[in-house]
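For the sequence shown, this note's numbering assigns the number 552 to the initial residue and increments by one for each residue that follows. What follows is a single structure, written as structure tokens, with notes after it.
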Amino acid sequence: MSIERISDDSLNNDGLTIRSLPKTALQAIYHAATGKTENLSKGLSGNVVIKHSDFDRLYRMLIDQTDIYEQVIAPVVTVVVKNANDKTVTYSSWERFLALQVNNHDITSDAVIKIEFVLKLPNTAVSQRCVINIDLDSSLPIIDRGSKNSSNDDGFGFFILFAQREWKTVQISIDFVDFLVAKAFVNITEEWFSSLEKTPTSKLNESLLSKYEVIRGCLSQSGRIGIAIFLIGYIYFSGSQSESLSRLVYAISVGLLIWAGFSIFDSYISKLLFRRIYKNVIPTVILISEGDNSSYKKITENLNSPSNTIIIFCITIIINILLNVIASYIYAYLSSPRSISMIGGGPFYG
């Protein structure tokens with residue numbers, strides 16, 4: 552069946568011809584005539600930057616591919632843009648998207664290109680309907696919200712560190728009759744995706760990211776290391792005076808108090824390091840509006856230095872060791888018989 556074989560004189564009671572129907576209605580007719588289509592889906596993961604020019608290039612690559620086939624009905628293009636403020640805007644053509652997207656200050660969370668067309672393949676009896684959906688997802692709204700209120704963004708950090716370090720950027724969905732046609736559009740999208748610019752990253756930060764469990768483990772054990780150093784230091788500085796069991800018990804008690812205090816400090820440092828590391832990871836961002844570009848610029852300008860992160864970690868461990876050495880020396884001095892006699896006795900000589 553083809554439209555050319557349907558007479559314009561074929562009118563219904565409302566006086567509508569077949570040719571006067573919208574393109575989407577004609578496509579539905581062809582769909583019914585050719586049978587139920589199959590679906591080919593594929594996801595592409597990676598941390599990339601999708602600029603307005605990249606978005607335009609994807610559209611033109613897909614349209615160029617449709618021109619290879621004999622078109623019974625020309626492509627109908629729909630662009631759907633979802634913003635961070637839960638607003639969704641649907642554009643009925645690519646040209647309207649280009650015209651109306653100017654001076655948009657919203658941050659994009661999702662962008663979809665949908666192309667529907669009917670084609671006629673050689674040596675086939677009927678025409679075929681093909682629907683191409685390319686869904687692009689951006690992490691920019693989450694990163695932007697986290698940069699303004701980091702205390703509510705730790706869940707995203709755990710997701711980046713332990714669940715998924717590469718963003719699920721592209722979701723391809725193609726309704727087709729001929730598999731080779733659908734596969735060609737998948738290949739086009741993969742070729743486009745592989746050419747995209749990667750988001751900024753640091754090899755040193757990647758190393759910290761991969762070794763975060765070790766870093767967290769060292770910080771969690773720093774309290775035990777501290778109390779061990781305190782007791783060793785106390786025995787060393789007090790000499791034979793530490794042989795008294797009561798003095799040793801008091802020393803352990805003081806060491807535990809120092810451990811408890813430093814554990815609170817370690818918790819703060821651990822969270823600080825956690826945020827410094829994951830905030831240097833930028834998953835996929837879509838930059839098709841003024842709001843996107845402005846937010847992305849601020850985020851890249853405020854990236855943390857991985858070298859400073861390492862320095863903070865090392866200083867934390869060193870401070871823990873030094874404080875316990877100093878504390879053991881002071882405690883050994885204050886618990887010595889000479890010091891106790893100077894302050895009028897004490898519990899060490901009960």
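Heads up, the beta-carbon is just placed ideally off N, CA and C, and yes, glycines get one too. Bear in mind the structure is a predicted one, so any value in this text is a computation, not a measurement.
| query | So, helix, strand or coil for residue 675, using DSSP? | reply | coil
| field | Opening and closing residue of the beta strand (DSSP E) in which residue 838 lies | value | 836-838
| query | What is the DSSP secondary structure of residue 772, reduced to helix, strand or coil? | reply | helix
| said: Can you list, in chain order, the residues of its chain with a C-beta nearer than 6 Å to that of residue 558? Leave out the 5 residues immediately preceding and following it. | reply: With a pLDDT of 39 at residue 558, under the threshold of 50, the modelled position of that residue is not reliable, and the figure given next carries that caveat. Within the same chain, residue 558 has no close Cβ partners at all.
| Where in the segment 803-873 do unbroken runs of the beta strand (DSSP E), each at least 3 residues long, occur, reported from the N-terminal end onward? | 836-838
| query | Between which two residues does the beta strand (DSSP E) containing residue 726 stretch? | reply | 719-727
| request: Count the other C-beta atoms from every protein chain shown that fall within 10 angstroms of the C-beta of residue 754, then say buried if there are 16 or more, exposed otherwise. | output: exposed
| Is the distance from the Cβ of residue 684 to the Cβ of residue 841 below 9 Å? | no
| field | According to DSSP, residues forming a beta bridge with residue 680 | value | 669
| query | Just the Cα atoms here: how many angstroms apart are residue 629 and residue 666? | reply | 7 Å
| said: Which residue wins for smallest C-alpha separation from residue 868, given the options 746, 787 and 816? | reply: 816
| query | Looking at residue 599 and residue 727, is the spacing between their C-beta atoms short of 9 Å? | reply | no
| request: Assign residue 626 to one of three DSSP states: helix, strand, or coil. | output: strand
| message | With H, G and I counted as helix, E and B as strand and the rest as coil, what does DSSP make of residue 642? | response | strand
| query | For residue 766, which of 803, 853, 863 and 697 has the nearest alpha-carbon? | reply | 863
| message | Pull the bridge partners of residue 687 from the DSSP assignment, please. | response | 662 and 721
| message | Looking at chain D, is there any beta carbon in it that lies within less than 9 Å of the beta carbon of residue 690? | response | No chain D is present in this structure, which holds just one protein chain.
| What's the gap between the Cα of residue 761 and the Cα of residue 878? | 35 Å
| said: Using only the alpha-carbon positions, how far apart do residue 718 and residue 690 sit? | reply: 8 Å
| task | Note down the Cα distance separating residue 757 from residue 824, rounded to an integer number of angstroms. | result | 14 Å
| said: What residue range does the alpha helix (DSSP H) around residue 614 cover? | reply: 603-617
| CA-to-CA distance, residue 865 to residue 881, given in whole angstroms | 24 Å
| query | Three or more C-beta pairs closer than 8 Å, one from the segment 617-628 and one from the segment 846-863: is that the case here? | reply | no
| query | Which residues does DSSP pair with residue 737 in a beta bridge? | reply | For residue 737, which the question treats as bridged, DSSP gives no partner whatsoever.
| task | Under 6 Å Cβ to Cβ from residue 714, same chain only, skipping five residues before and after it: list those, please. | result | Because residue 714 sits at a pLDDT of 48, beneath the cut-off of 50, its placement in the model cannot be relied upon, and the point is left open.
| With 16 other CB atoms within 10 Å as the buried threshold, where does residue 807 fall? | exposed
| query | Among 751, 723, 759 and 693, which has the Cα closest to the Cα of residue 742? | reply | 723
| message | Just to check my reading of the structure: residue 837 and residue 601 have Cβ atoms closer than 8 Å, yes? What is that Cβ distance to the nearest angstrom? | response | 5 Å
| field | Local conformation of residue 875 per DSSP, three classes | value | helix
| message | At the level of alpha carbons, what is the spacing between residue 679 and residue 641? | response | 26 Å
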